[in-house]
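Take a look at the structure set out below.
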């Protein structure tokens, strides 16, 4: 019998067609059952409710163990969209004191996948946040009227001290970009915003847990799945101990009331920040709860910029507080020694250029120059270095060496404090002046103002305080930081590492002695305490926009220093007028615990002084 090859071929074609259809069905079933979670979610949501368990956020203490920030309960209104049925919106809104328009907007935002990438009708979604205990109680009684709604317990931050908002920061609801960057977060979660809350978020937040609850056919909770055997417990955040002395912080903030500026106090031996004040500031409790957004906008629009942390973000001319660093460079480079004297004819006079100075003995050497804050000495010293072609070849090269020493001392770049937003200040390089004057067309006299901390020089109060700590240590510093300890965790190595500029220790000894002389009988006489050897340097930073700024840099005691401090008061005049008194009170308060009776008058004067009135700046 003859074989039909056409029939044979048809058999293979039909078989192949059936095989392809079978493969398509298998792939589709695999997609439905394994890859696409919608159907599993649908099935699970009918039987289970997966409820996040939020951890307790880490508590924040000060260096002495005082509780600064802790937690209090708050409540969020959650919904499972597919379970929501028609409900009385007016009753719901009246219960929670919101408008129907606000409720509609929340539903719209929740469904918008641009704002809420994790939106699903099957999974819990955050509708409203920050319910008070009172609102929670009222809603709880009526919750049966709102199918698909449930309440999620959260935490809010509570503050024992009404200060240090710039250091502490706050927490806020996560944004879509936060969720995109870190899969840990979902809509309605909170994250640190500003300050320690932001920079130490991964330690403070802990780890979320999960409860799996069984639901009946009507969506009612019947209990835990497998008696909680598959639940995950939340892991509490780590507690943090700040380096701040919270009582010193409070005191320093009170001294800056009705003033604009900053105070930075550092423990030289450890680099730990004892106080970090910006003024004007705000109460940390303003950024807690349902009015957080409204209060934040008010602060943001305030012309005095209370959200600007002037202690680490304000870039100012350091004025005469720059002179100790200048002296160190001139000594190290051999431009001067302790016997080198320069003339002062009521100022620096050279080539038709004059930089004024107040009357004092002339000629003058380094230590007396620090005592009297002589401008001429440091101008002549700077000129002797920058214009010494026999040693450096050109002003450009000399200036770069000068600049590099300043960078070693902590100017011109971020120090690396463990807070977000630190400014670098500004130290120009030779290229800056090449652009202005032309290559090889400038000299020391062209830029003489930088020799006394003016001109293009800008520094943060943190940088100024840090050089005080460096001199106090006689030639080294540890990167300033505000966190002293993290529970069960070793702090970053960089906050334990010594930074040693290439300037010999003996030069720091000489500069420290000059700063001691300034307190004993010079421009810092108001900082002279009978039983504390204070070293200091005044600064009067010229301000082209109004009254000069009052600045003080100091440390104490002279031997074995425990505190270095910078005080910067905008539009307050001479350094001795406000900077020195406030700085001396900070030192006395920290080292003695109280202000002596015979200095109470000075304390009262500083507490009550208002440098905003008269400066042309609106009172805060």
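Residue numbers (the working numbering): 2 to 621. All residues carry an ideal CB built from backbone N, CA and C; glycine is no exception. Nothing here was measured: the structure is a model prediction, and the numbers come from that model.
**Request:** Enumerate, from N- to C-terminal direction, the unbroken alpha helix (DSSP H) stretches of 4 or more residues contained entirely within the stretch 98–166.
**Result:** 101–112, 134–143
**Message:** So the candidates are 273, 99, 483, 528; which of them puts its Cα closest to the Cα of residue 131?
**Reply:** Taking the first residue of the chain shown as 1, we reach residue 131 at position 130. Minimum Cα distance to residue 131 is reached at 99.
**Message:** List, from N- to C-terminal side, the alpha helix (DSSP H) runs of 4 residues or more that fit wholly inside the stretch 361–409.
**Reply:** 367–373, 376–387, 390–393, 396–409
**Message:** Just verifying my parser: in three-state terms, what is the DSSP assignment at residue 280?
**Reply:** Indexing the chain shown from 1 puts residue 280 at position 279. Reduced to three states, the DSSP call for residue 280 is strand.
**Asked** Whose C-beta lies closer than 8 Å to the C-beta of residue 455 among residues of the same chain, with five residues either side of it excluded?
**Response** Position 454 of the chain shown holds residue 455. Excluding sequence neighbours, residue 455 sits near 318, 320, 542, 543.
**For residue 607, the first and last residue of its enclosing alpha helix (DSSP H)** = Counting from one through the chain shown, the residue named residue 607 turns up at place 606. Counting along the chain, the alpha helix (DSSP H) containing residue 607 begins and ends at 601–609.
**Request:** Give me the Cα-Cα distance between residue 619 and residue 430, rounded to the nearest whole angstrom.
**Result:** Numbered from its first residue, the chain shown carries residue 619 at position 618. Numbered from its first residue, the chain shown carries residue 430 at position 429. Only weak support exists for where residue 619 lies, its pLDDT of 41 falling under 50; the coordinates are left without a value.
**Message:** Between the stretch 65–80 and the stretch 148–156, can you find at least three pairs of beta-carbon atoms closer than 8 Å?
**Reply:** yes
**Asked** In three-state DSSP terms, what is residue 336?
**Response** Within the chain shown, the letter at position 335 stands for residue 336. Of the three classes helix, strand and coil, the one that applies to residue 336 here is coil, per DSSP.
**Item:** DSSP three-state assignment for residue 592, whether helix, strand or coil
**Value:** For the purposes of this step, residue 592 is taken as the residue at position 591 of the chain shown. Three-state result, residue 592: helix.
**Asked** At which residue ranges does the stretch 408–453 contain complete alpha helix (DSSP H) runs of 4 or more residues, listed in the order of the chain?
**Response** 431–438
**Asked** Excluding five sequence neighbours on each side, which residues of the same chain lie with their C-beta closer than 6 Å to the C-beta of residue 474?
**Response** The sequence position of residue 474 within the chain shown is 473, counting from 1. The answer, listed in chain order, is 269.
**Prompt:** Alpha carbon to alpha carbon, what distance is there between residue 184 and residue 175?
**Reply:** The residue given as residue 175 occupies position 174 in the chain shown. The residue given as residue 184 occupies position 183 in the chain shown. The straight-line gap from Cα to Cα measures roughly 11 Å.
**Residue nearest to residue 173 in terms of C-alpha spacing, selected from 286, 112, 592, 383** = The sequence position of residue 173 within the chain shown is 172, counting from 1. The shortest Cα separation from residue 173 among 286, 112, 592, 383 belongs to 286.
**Request:** Tell me where the alpha helix (DSSP H) around residue 518 begins and ends.
**Result:** One-based indexing of the chain shown puts residue 518 at position 517. Taken as a continuous stretch (DSSP letters only), the alpha helix (DSSP H) holding residue 518 covers 506–522.
**Message:** Under 8 Å: do the stretch 531–538 and the stretch 553–568 share three or more Cβ pairs, one atom per stretch?
**Reply:** Short answer: they touch.
**Request:** Output yes or no for whether 8 Å exceeds the beta carbon distance between residue 256 and residue 586.
**Result:** Numbered from 1 along the chain shown, position 255 holds the residue referred to as residue 256. Numbered from 1 along the chain shown, position 585 holds the residue referred to as residue 586. Yes, they are a contact pair.
**Request:** Compute the Euclidean distance between the alpha carbons of residue 26 and residue 122, then round it to the nearest angstrom.
**Result:** As a position in the chain shown, residue 26 is number 25, starting the count at 1. As a position in the chain shown, residue 122 is number 121, starting the count at 1. Taking the straight line from one Cα to the other gives about 27 Å.
**Request:** Taking only the alpha-carbon atoms, compute the straight-line gap between residue 276 and residue 381 and give it to the nearest angstrom.
**Result:** Sequence index remark: in the chain shown, residue 276 carries index 275 (1-based). Sequence index remark: in the chain shown, residue 381 carries index 380 (1-based). Roughly 37 Å separates the two Cα atoms.
**Message:** Within a Cβ cutoff of 7 Å, which residues of the same chain sit near residue 310, ignoring the five residues on either side of it in sequence?
**Reply:** Here the question's residue 310 lines up with position 309 in the chain shown. So the list reads 167, 279, 422, once near-sequence residues are dropped.
**Message:** Relative to the C-alpha of residue 214, which candidate in 205, 206, 202, 233 has its C-alpha closest?
**Reply:** Against the chain shown, residue 214 aligns to sequence position 213. Here the closest residue by C-alpha is 233.
**Message:** In the DSSP output, which residue or residues are listed as bridge partners for residue 564?
**Reply:** On the chain shown, residue 564 is found 563 positions in, with the first residue counted as 1. In DSSP, residue 564 forms a bridge with 557.
**Prompt:** What separation, rounded to the nearest whole angstrom, lies between the Cα atoms of residue 139 and residue 54?
**Reply:** By one-based count along the chain shown, residue 139 stands at place 138. By one-based count along the chain shown, residue 54 stands at place 53. One C-alpha to the other measures close to 23 Å.
**Prompt:** Which residues mark the beginning and the end of the alpha helix (DSSP H) in which residue 252 is found?
**Reply:** As a working mapping, residue 252 is identified with position 251 in the chain shown. First-last of the alpha helix (DSSP H) with residue 252: 247–256.
**Prompt:** Could you give the distance in angstroms between the alpha-carbon of residue 607 and the alpha-carbon of residue 444?
**Reply:** Along the chain shown, read from residue 1 onward, the residue named residue 607 stands at position 606. Along the chain shown, read from residue 1 onward, the residue named residue 444 stands at position 443. Rounded to whole angstroms, the gap between the alpha carbons of residue 607 and residue 444 is 43 Å.
**Message:** For residue 446 and residue 384, which I take to be in contact (beta-carbon distance under 8 Å), what is that distance rounded to the nearest angstrom?
**Reply:** Taking the first residue of the chain shown as position 1, residue 446 is located at position 445. Taking the first residue of the chain shown as position 1, residue 384 is located at position 383. Indeed, because the Cβ distance is near 7 Å, the residues count as touching under 8 Å.
**Prompt:** Per the contact definition of three or more C-beta pairs closer than 8 Å, is the stretch 477–486 in contact with the stretch 335–350?
**Reply:** Taking 8 Å as the limit for Cβ pairs, the verdict is that the stretch 477–486 does not touch the stretch 335–350.
**Prompt:** residue 243 and residue 62 look like a contact to me (Cβ under 8 Å); what is the Cβ gap, rounded to whole Å?
**Reply:** The residue labelled residue 243 in the question sits at position 242 within the chain shown. The residue labelled residue 62 in the question sits at position 61 within the chain shown. So it is a contact: roughly 7 Å between Cβ atoms.
**6 Å Cβ shell around residue 110 - same chain, five flanking residues per side excluded** = Within the chain shown, numbered from 1, the residue matching residue 110 stands at position 109. Result list for residue 110: 116, in chain order.
**Item:** Integer-rounded CB distance, given that residue 577 should sit under 8 Å from residue 539
**Value:** Here residue 539 refers to the residue found at position 538 of the chain shown. Here residue 577 refers to the residue found at position 576 of the chain shown. With 8 Å as the limit, residue 539 and residue 577 qualify as a contact, their Cβ atoms being about 5 Å apart.
**Item:** Rounded separation between residue 284 and residue 264 - CA only
**Value:** Stepping through the chain shown from its first residue, residue 284 is reached at position 283. Stepping through the chain shown from its first residue, residue 264 is reached at position 263. Their Cα atoms are separated by approximately 17 Å.
**Message:** Let's see if you can read the secondary structure: which residues bound the alpha helix (DSSP H) around residue 297?
**Reply:** Indexing the chain shown from 1 puts residue 297 at position 296. It spans 293–302 - the alpha helix (DSSP H) in which residue 297 sits, taken as one unbroken run.
**Request:** List the endpoints of the continuous alpha helix (DSSP H) containing residue 471.
**Result:** For this step, residue 471 is matched to residue 470 along the chain shown. Start and end: 462–473.
**Request:** Kindly confirm or deny that the stretch 366–382 and the stretch 323–340 touch, where touching means at least three C-beta pairs closer than 8 Å.
**Result:** yes
**Item:** Close beta carbons around residue 487, own chain, < 6 Å, minus the five adjacent residues each side
**Value:** Residue 487 sits at position 486 when you count from the first residue of the chain shown. Contacts found: 204, 239, 241.
**Prompt:** Thinking C-beta only, is residue 464 closer than 8 Å to residue 406?
**Reply:** Here residue 406 corresponds to residue number 405 of the chain shown, with the count starting at 1. Here residue 464 corresponds to residue number 463 of the chain shown, with the count starting at 1. No; because the gap between Cβ atoms is not below 8 Å, this pair is not in contact.
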